[in-house]
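Visitor:
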Amino acid sequence: KPDKLTDEEWQEMHKHPEAGYRIIKRIGFLKNAAEMVRAHHERYDGNGYPRGLKGDQIPLGARLFMVADTYDALTSERPYRSPVTYEAAAEIIGKDDCQFDPAAVATFLAIAPEELRMIAERYHDADLPS
């Protein structure tokens, strides 16, 4: 959607972690990923959703996924904005001391930009800006 979400749309969007959790927990080989899906919008400071988990209450996989998901969102084309470079994304992620686990950020930022570009190309993601 190219426009901002309405309050109703925003409330509906906030339901997707629980919906994903309910679907994935029923799939035998993905069962262990269900909690990660449920928690992928929690914030390290406790201000996320759907449950307001904080710090180590958030599953480790979800803490790592949040950083990667934010990187992907920042470096991908969106109808409402252009993608940012790896360097800009790394700076934004590195400065956010509320949303992310600092150890997850450090782990992600240790990945070389070239490796991230290679991964994007391999999986046919949109071209990353240089």
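Every letter in the sequence shown is one number past the one before it in this note's numbering, and letter 127, counting from 1, is 118. Note that the Cβ used here is the ideal one computed from N, Cα and C, for glycine as well.
1. From K6 to P41, what does the alpha carbon distance come to, in whole angstroms?
2. In chain order, what residues of the same chain lie with their CB nearer than 7 Å to the CB of W1, ignoring the 5 residues before and after it?
3. What does a CB cutoff of less than 7 Å around K22 pick up in its chain, not counting 5 residues either side in sequence?
4. Looking at the secondary structure, which residues open and close the alpha helix (DSSP H) in which I3 lies?
5. By Cβ distance, which residues of its chain are closer than 7 Å to Y71, with the 5 residues on each side in sequence left out?
6. For I83, count neighbouring C-beta atoms within 10 Å of its own C-beta (all shown protein chains included) and say buried if the count is 16 or more, exposed if not.
Guide: Considering the structure as presented:
1. Locating residue 6 in the sequence shown gives position 15, counting from the first residue. Locating residue 41 in the sequence shown gives position 50, counting from the first residue. Cα-Cα distance, rounded: 8 Å.
2. Within the sequence shown, residue 1 is the residue found at index 10, counting from 1. If we look at W1 and ignore the five residues flanking it on each side, it has no Cβ neighbours.
3. If you number the sequence shown from 1, residue 22 lands on position 31. Apart from the 5 residues on each side of it in sequence, K22 sits with its Cβ closer than 7 Å to the Cβ of K16 in its chain, given in chain order.
4. Taking the sequence shown and counting its residues from 1, one reaches residue 3 at position 12. Note on residue identity: the sequence assigns Glu, not Ile, to residue 3. Counting along the chain, the alpha helix (DSSP H) containing E3 begins and ends at D(-2) to M4.
5. Reading the sequence shown from its first residue, position 80 is the one you call residue 71. Here the set comprises P(-7).
6. Your numbering for residue 83 matches position 92 in the sequence shown. Exposed: under 16 other Cβ atoms inside 10 Å.
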